[in-house]
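This report refers to the structure that appears directly beneath it.
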Amino acid sequence: MSPPVEPTALNAMETNAISLRNQQESPLLRLPSELRNMIYAYTFGNTTIRITREKRHSCCHGHPSQNPGGIAWKGNRIFGITQVCRELRSEIGLMPFEMAIFYNTSCFYWPEFLNGLSVDQVGAITHIQIPQSFAVWLPQVRFPRRHNYGFDKLCGLKDILLEDDEQFPWGDMNLNDIFACYRAVEGCLKHRTVKMIFRKCKGGDIVAQHTIEQDRRLISTEV
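Our numbering puts the last residue of the sequence shown at 220; the count rises by one with no breaks.
Shown next, in the form of structure tokens:
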């Protein structure tokens, strides 16, 4: 059996030739930029990525998650488009992190996930989702080391969705539970406005929004 071929780096002339060929022959790159942006928005904006660890097939990168609610982080096919060519990688940039919802299924996997990203990628995350079973550990009275879970690093965060969780054994959350979870997060959101949406709580969906600079708190029913 012949020895494996070692990869070699391309020189500038070769990479420029590949880029020119892609721009001339790629059906996607030949589309107007407005249409490409619509495709990217449709692809990433309708995606919930579950941050979880597969117990099986852990070595198979790209293996889809068996959880029905989204795509496991190890199942990275949604980011495969950024690996097609450097033109797409440059053009797409941080769009997946800005548009997708990152569902933090566990307080143990979330820090590991953030540590594997660049500072720019972490800062570009806009929407996160956490289950009730995760949220109950956030209040300071129950878990004082909540700052270790990286909410302070999410400088671009706009929305936190607290989702109903089948593993949550205490039933629907009431307003006291909501305020406890909200106070646990607000200390890490200095000088920012972040909307928290509490799904399937008693009385319907609840939206909580807080601006620390103005010390204003708003609780209202989601329309």
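For glycine and all other residues, C-beta sits at the position ideal for the given N, C-alpha and C.
**Report entry** Residues of its chain near I89, where Cβ-Cβ distance is below 8 Å and the 5 sequence neighbours each way are ignored
**Finding:** Counted from its first residue, the sequence shown places residue 89 at position 92. So the list reads Y37, I78 and T79, once near-sequence residues are dropped.
Query - Best match in F99, T40, S16 and I48 for proximity to D156 [C-alpha to C-alpha] - result: Residue mapping note: residue 156 aligns to position 159 of the sequence shown, counting from 1. D156 has its Cα closest to that of F99, out of F99, T40, S16 and I48.
Query raised in the report: Between Q126 and the rest of its own chain, which residues show a CB-CB distance below 6 Å, the 5 nearest in sequence each way excluded?
Result: Locating residue 126 in the sequence shown gives position 129, where the first residue counts as 1. These residues qualify, in order along the chain: I98, Y100, L158 and E160.
Query raised in the report: Going by DSSP, which residues form a beta bridge with D149?
Result: Within the sequence shown, residue 149 is the residue found at index 152, counting from 1. Answer is none; D149 lacks a bridge partner.
Report task. Tell me whether T49 is buried or exposed, calling it buried when 16 or more other Cβ atoms sit within 10 Å of its Cβ. Result -> As a first step, residue 49 is located in the sequence shown; it is residue number 52 there, counting from the start. By the 10 Å Cβ count, T49 comes out buried.
Query raised in the report: How should A6 be labelled, buried or exposed, when 16 other C-beta atoms within 10 angstroms of its C-beta is the threshold for buried?
Result: Here residue 6 is taken as the residue at index 9 of the sequence shown, counted from 1. Answer is exposed; the Cβ neighbour count stays below 16.
Query raised in the report: Does any heavy atom of the ligand PLP sit closer than 7 Å to the C-beta of E11?
Result: Among the components of this structure there are no ligands whatsoever, and the ligand PLP is therefore not found.
Report task. Tell me whether T45 sits in a helix, a strand or coil according to DSSP, three-state version. Result -> Here the question's residue 45 lines up with position 48 in the sequence shown. If DSSP states are grouped into helix, strand and coil, T45 belongs with the strands.
Query raised in the report: On the premise that F94 lies in contact with A121, defined as a C-beta separation below 8 Å, what is that separation, rounded to the nearest angstrom?
Result: Here residue 121 is taken as the residue at index 124 of the sequence shown, counted from 1. Here residue 94 is taken as the residue at index 97 of the sequence shown, counted from 1. Contact flag correct, Cβ pair sits at about 4 Å.
Query raised in the report: Would a C-beta distance cut-off of 8 Å place N19 and L26 closer than the cut-off?
Result: Taking the first residue of the sequence shown as position 1, residue 19 is located at position 22. Taking the first residue of the sequence shown as position 1, residue 26 is located at position 29. Yes; because the gap between Cβ atoms is below 8 Å, this pair is in contact.
**Report entry** As assigned by DSSP and simplified to three states, the class of D101
**Finding:** Residue mapping note: residue 101 aligns to position 104 of the sequence shown, counting from 1. In the sequence on display, residue 101 carries Asn and not Asp. N101: strand per DSSP, three-state reduction.
Query raised in the report: For P24, is the classification buried or exposed, using 16 other Cβ atoms within 10 angstroms of its Cβ as the cut-off for buried?
Result: Reading the sequence shown from its first residue, position 27 is the one you call residue 24. Exposed is the call here.
**Report entry** Coarse secondary structure for C198, derived from DSSP in three states
**Finding:** As a working note, residue 198 is residue 201 in the sequence shown. Low confidence applies to C198: its pLDDT is 49, below 50, so where it sits in the model is not reliable enough to give any reading.
**Report entry** Cβ pair V119, L151 closer than 8 Å
**Finding:** Along the sequence shown, one-based indexing puts residue 119 at 122. Along the sequence shown, one-based indexing puts residue 151 at 154. It is a contact, given that the beta carbons lie within the stated cut-off.
Query raised in the report: L85 CB to nearest chain C CB: under 8 Å?
Result: Absent here is chain C; the protein component of the structure consists of one chain.
Query raised in the report: Quick one: Cα of D117 to Cα of A14, how far?
Result: The residue you call residue 117 lines up with position 120 of the sequence shown. The residue you call residue 14 lines up with position 17 of the sequence shown. Roughly 30 Å separates the two Cα atoms.
Query raised in the report: Considering only the beta carbon of each residue, do E84 and S16 sit closer than 8 Å?
Result: As a working note, residue 84 is residue 87 in the sequence shown. As a working note, residue 16 is residue 19 in the sequence shown. Going by C-beta atoms, E84 is nearer than 8 Å to S16.
Query - W107 versus I46 - alpha carbon distance - result: One-based indexing of the sequence shown puts residue 107 at position 110. One-based indexing of the sequence shown puts residue 46 at position 49. Each residue's alpha carbon lies about 12 Å from the other.
Query raised in the report: What span of residues does the beta strand (DSSP E) with Q20 cover, start to end?
Result: Translated into the one-based positions of the sequence shown, residue 20 becomes position 23. Looking at the DSSP string, Q20 is not in any beta strand (DSSP E); the run it does join, the alpha helix (DSSP H), is A9 to E22.
Query raised in the report: According to the Cβ coordinates, are M96 and G42 closer than 8 Å?
Result: Within the sequence shown, numbered from 1, the residue matching residue 96 stands at position 99. Within the sequence shown, numbered from 1, the residue matching residue 42 stands at position 45. Closer than 8 Å, so yes.
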